[in-house]
Amino acid sequence: MSTAHSPTQSPSSGRRNKAGSLLWLLLLTALLRGAAGWALAPQLAEDPDSYGLIANNLVTRWSYSTSLPDQTPVPTAYRPPIYPWALACSSMLLGKTVSPLIVGSLHLALGIATVGLTWYLGQCWGLARGATLAAFLTLCDPLLWYQSSQVMTETLATFLVVVGLVTLTRLSDRGNWQAACAAGAALGLASLCRPPLLVWFLLSCGACVALPVPRARKLACLATMALTGVLALAPWIIRNIIQFKRPIVATTHGGYTLHLANNPSFYHHLATAPWGQIWNAQNLPPIANTPVRPGPQNPDPGVELNHDQLHYEAAWTAIGNEPRAFAWSCAVRLGRLWRLAPHQASAAESLPRRVLRWTVGLWYTGLFCLAVRGIWQLKREVWTTAWMWGILLALALTAVHTLYWSNVRMRAPVTPFLCLLAASGATTLRATRK
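Take the sequence shown: its letter number 95 is residue 1117 in the working numbering, and every next letter is one higher.
In structure tokens form, the structure reads like this:
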């Protein structure tokens, strides 16, 4: 999928130009993302999902736990492990506990790497100069900018997804067991950062049968990819068997997010509330308004597992009792996942915040229009080239978050692929105008 060299340009000159473009992109990323991280540093001191707390417990007590420093550490599987371990390792390198500086530095490094790998993917996928545009769009993406200022998994998950796309591209090009091994490991690690990516891993394993290689090699690639992915997941699964007496592949958080998306209060809100009114998660029916985890009064980690199961049961009961409301809620979640402007977070939204939201909406209107054009230009080639892996990623996240709780944040890992599609659409649009 490489482009031919211009007759007036030597191969070495072309390589220098590409290297120069990449270097400028990386420097610009470091400058802009670094400035944004500095400006939004106070948000990095917050820890809404307890990832920083888990990381500090790993550093100071070697315990994967959400227990506070003055409490006996109780094991948890409520959050996926890769992001806390990344924070912990970054902290241990500096001999300190997790701080906003460490989180910001990690996110900056991941952001730079993500932009660089997006550019590399664009080159591999035949975009030529469009690769620079795709990387620039990734650099400027408002969702990725905002999430880089949060102690959450999106920044790392996006990086791991791009690594996964690189390894899958090599699998498409080479069709050998070594490439399949790298792809399986990358997607397994990505799944340990964001559990919905497990569906992408499974779809990608199945898609090995579409590789342009003999049948025996297809099956070998499928088996190798599946095996290495399982091996990447194995330490977490084994740890959970030891702690919870059960092979938890993802987390004990799934029941809560399914229940949050499927409960009588939310269904009633969708049926009766005025357009734009916000549903408060505190209205979740009382299995637990806030998810119960082990603590000083409940030191048994099995309590966490039990509450996860109760949430699942309540969610499936609500779905069974109100199938029409469930179907409508699926459509709502699908719309929220792919909406252009972020959802209004407060009924008393200020004018500057509203202007900012709609500015972001205009950005995504342009991006999505170009991405749709990119898909249209590719047409059937989507399923016979490395673009297939990105389509499977988008389908996997869409399927999961149609059922589970969703908002625009949940689509962050697919952003570089959308930028690649948009760059493809933009380059073909420019070509047709000449």
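Idealized CB from N, CA, C, for every residue including glycine.
- Within the same chain, Cβ atoms closer than 6 Å to the Cβ of T1136 are found at T1180, F1181, V1184, the five residues on either side in sequence being excluded.
- DSSP, read as helix, strand or coil, puts S1087 in strand.
- Distance from the Cα of W1409 is smallest, within the candidate group A1232, R1375, H1329, N1343, for A1232.
- L1166 is positioned such that its CB atom lies no closer than 7 Å to that of G1186.
- Closest in C-alpha terms to V1096, from the list I1104, P1102, Y1086, Y1105, comes Y1086.
- Unbroken alpha helix (DSSP H) stretches of 4 residues or longer found wholly inside the segment 1255-1331: 1276-1283, 1286-1294, given in chain order.
- In the DSSP assignment, D1195 falls within the unbroken alpha helix (DSSP H) covering 1176-1196.
- M1432: not part of any alpha helix (DSSP H); DSSP gives it neither H nor E.
- Looking at the DSSP output, P1097 sits in a beta bridge with S1087.
- Rounded to whole angstroms, A1067 and H1290 show a C-alpha spacing of 36 Å.
- Shortest Cα-Cα distance from V1173 to any of T1189, A1110, G1251 involves A1110.
- In the three-state DSSP reduction, S1171 falls in the coil class, being neither helix nor strand.
- Per the C-alpha coordinates, the member of L1419, L1225, R1261, R1268 positioned closest to G1251 is L1225.
- Comparing alpha carbon positions, the residue from T1154, W1360, A1061, R1151 closest to H1423 is W1360.
- By the C-beta density criterion, L1220 is buried, having at least 16 other C-beta atoms within 10 angstroms.
- The beta carbons of T1191 and A1205 sit no closer together than 7 Å.
- Following the DSSP letters along the chain, one finds P1234 in no alpha helix (DSSP H), marked with neither H nor E.
- Annotated as distal: L1211 and A1256, with beta-carbon spacing of 7 Å or more.
- Secondary structure of V1120 (DSSP, three-state): coil.
- In this structure G1074 is not in contact with S1170, their Cβ atoms being roughly 15 Å apart against a cut-off of 8 Å.
- CA-to-CA, the gap between L1050 and T1140 works out to about 15 Å.
- Look at P1364 here: in three-state DSSP terms it is coil, with no helix or strand label.
- If you ignore the 5 residues before and after T1279, its C-beta comes within less than 8 Å of the C-beta of Y1426, W1427, all in its own chain and listed in chain order.
- The C-alpha of H1129 is placed about 38 Å away from the C-alpha of I1341.
- In the DSSP annotation of this structure, the continuous segment of the alpha helix (DSSP H) that includes R1376 starts and ends at 1373-1400.
- Contact between S1351 and N1284 holds: their C-beta atoms lie close to 7 Å from each other, under 8 Å.
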